[in-house]
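Shown next, in structure tokens, is the structure this report addresses.
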Amino acid sequence: MLNVRQIEAFKAVIETGTVSRAASRLCVSQPAISKLLQHLEQDTGLSLFERSPGRIRPTGDALLLFEEITRLYRGLDRLETAASDIRNMKGMLLSVGVMPALSTGFIQDLIVEYQASNRAARVALHARSTLKIADMLISGGLDIGVSTHPLDNPEIEHIALDRRPYVCVMPHGHRLAKLAALTPRDLQGERFINFTPTSDLRAQMDDIFAHAGVQRDIVTEASMAPSICAMVVRGTGVALLNPLYLGAFTELLTCRPFSPTVSSEVRLLLPRHRPRSSQVRRFIEQARAHAESLGPALGRPTHDSTAMPAHS
Numbered sequence: 012m013l014n015v016r017q018i019e020a021f022k023a024v025i026e027t028g029t030v031s032r033a034a035s036r037l038c039v040s041q042p043a044i045s046k047l048l049q050h051l052e053q054d055t056g057l058s059l060f061e062r063s064p065g066r067i068r069p070t071g072d073a074l075l076l077f078e079e080i081t082r083l084y085r086g087l088d089r090l091e092t093a094a095s096d097i098r099n100m101k102g103m104l105l106s107v108g109v110m111p112a113l114s115t116g117f118i119q120d121l122i123v124e125y126q127a128s129n130r131a132a133r134v135a136l137h138a139r140s141t142l143k144i145a146d147m148l149i150s151g152g153l154d155i156g157v158s159t160h161p162l163d164n165p166e167i168e169h170i171a172l173d174r175r176p177y178v179c180v181m182p183h184g185h186r187l188a189k190l191a192a193l194t195p196r197d198l199q200g201e202r203f204i205n206f207t208p209t210s211d212l213r214a215q216m217d218d219i220f221a222h223a224g225v226q227r228d229i230v231t232e233a234s235m236a237p238s239i240c241a242m243v244v245r246g247t248g249v250a251l252l253n254p255l256y257l258g259a260f261t262e263l264l265t266c267r268p269f270s271p272t273v274s275s276e277v278r279l280l281l282p283r284h285r286p287r288s289s290q291v292r293r294f295i296e297q298a299r300a301h302a303e304s305l306g307p308a309l310g311r312p313t314h315d316s317t318a319m320p321a322h323s
């Protein structure tokens, strides 16, 4: 079996041209170099040098072996570079799947913070349904997912980040904005933009108003929060939304606490049986820090008994 010391001695002799210079480079004695070369010839079964008093000259086989060793060292250099890139996340692409409702606010702020603290980090963002995110996580198409929708899949691990009650959102200057907090009766006959019946929280919202005996004027239904926000800004109606869904619409809308309400929890989704890379672990740490940094202006999570938790 060849060993590293034999290869280093051989490489040094070829590159320096003499045993003495090779010995000096490797900080060993000349006899030690000569012995390593002899063992290398024995182990390879090759005649690698023509020897004469005071001289040593590589054979053609030695030059062929040296070419192979050079390729090997280049490969090792690439491995060192790859390890450094992984450690520093240089050129490493993190694929994140996010439900559309969180794609215009929460996730964008999180990625900005993540890349600010990891300058070489590259992120690919994919807006997908929660079920599609789960499929892509399991198949390896995504590294991590972000969602508030309930998901029951034994292959997916959940990390809770933030739970928030839904608030009533309205355009600036709306008549309800003068109230500090709202109840279902305040929305009697109000033009209302609702989630479509396929939404996880639609039935819970409808139950709140039905229990209060309140009739809303549901003028529009939409499946995605950004669409609802855009219509509220245009004065189409009011809506109940998780404040983390507002994103770029935050400054364009007025929010008021609403009771009783529903709540939803932002979670990270991860493939249960895939080891986590260093960049995934860093993203999880950043996501937790980001969730902790969210201030009361967005409606910090509460333990109000009037809040109705989302189904999980």
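The sequence shown maps to residues 12 to 323 in our numbering. Each residue gets a CB set at the ideal place from its N, CA and C atoms; glycine is no exception.
- Restricting attention to Ser-40, His-183, Cys-179, Asp-173, the CA atom closest to the CA of Ala-298 is found in Asp-173.
- For Thr-27, the CB contacts under 7 Å within the same chain, skipping 5 residues up- and downstream, are Ala-33, Arg-36 in chain order.
- Sequence-distant Cβ neighbours of Gly-248 in its own chain, meaning closer than 6 Å and more than five residues away, are Arg-202, Phe-203, Ile-204, Val-230.
- Taking Leu-113 as reference, the option from Cys-240, Glu-303, Gln-290 with the minimal CA-CA separation is Cys-240.
- Cβ-Cβ distances below 7 Å link Ile-149 to Glu-166, Pro-282 in the same chain, with the five nearest sequence neighbours on each side left out; the list follows chain order.
- Here the C-alpha atom of Ser-58 lies approximately 15 Å from the C-alpha atom of Val-24.
- Exclusion of the five residues before and after Leu-51 leaves Gln-17, Phe-21 as the residues of its chain whose Cβ lies within less than 6 Å of its Cβ.
- Per the Cβ contact rule, the stretch 181-200 is not in contact with the stretch 135-146 (fewer than 3 Cβ pairs under 8 Å).
- Here DSSP, grouped into helix, strand and coil, assigns Val-277 to strand.
- Measuring C-alpha to C-alpha distances from Val-291 to each of Asn-164, Arg-133, Pro-271 identifies Arg-133 as the nearest.
- Between Val-225 and Pro-195 a beta carbon distance of about 4 Å is seen, short of the 8 Å cut, so the two are scored as contacting.
- If you compare the alpha carbons of Thr-81, Ser-288, Leu-252 with that of Asp-211, the shortest gap goes to Leu-252.
- In this structure, the alpha-carbon of Asp-217 lies about 32 Å from that of Ile-155.
- In the assembly as shown, Ser-158 is a buried residue. Its beta-carbon has 16 or more other beta-carbons within 10 Å.
- Excluding the 5 residues flanking it on each side, Thr-209 has same chain C-beta neighbours closer than 8 Å at Ser-234, in chain order.
- Using a Cβ distance threshold of 8 Å, His-301 and Leu-121 count as a contacting pair.
- The stretch 219-306 is shown to contain whole alpha helix (DSSP H) runs of 4 or more residues at 236-244, 289-304, in chain order.
- By alpha-carbon distance to Leu-255, the top candidate from Ser-304, Leu-142, Arg-130, Leu-280 is Ser-304.
- By the Cβ neighbour-count rule, Ala-250 is buried, with 16 or more other Cβ atoms within 10 Å of its own.
- Per DSSP, reduced to three states, the secondary structure at Arg-130 is coil, with no helix or strand assignment.
- Following the DSSP letters along the chain, one finds Pro-195 in no alpha helix (DSSP H), marked with neither H nor E.
- Looking at the DSSP output, Leu-105 shares a beta bridge with Val-134.
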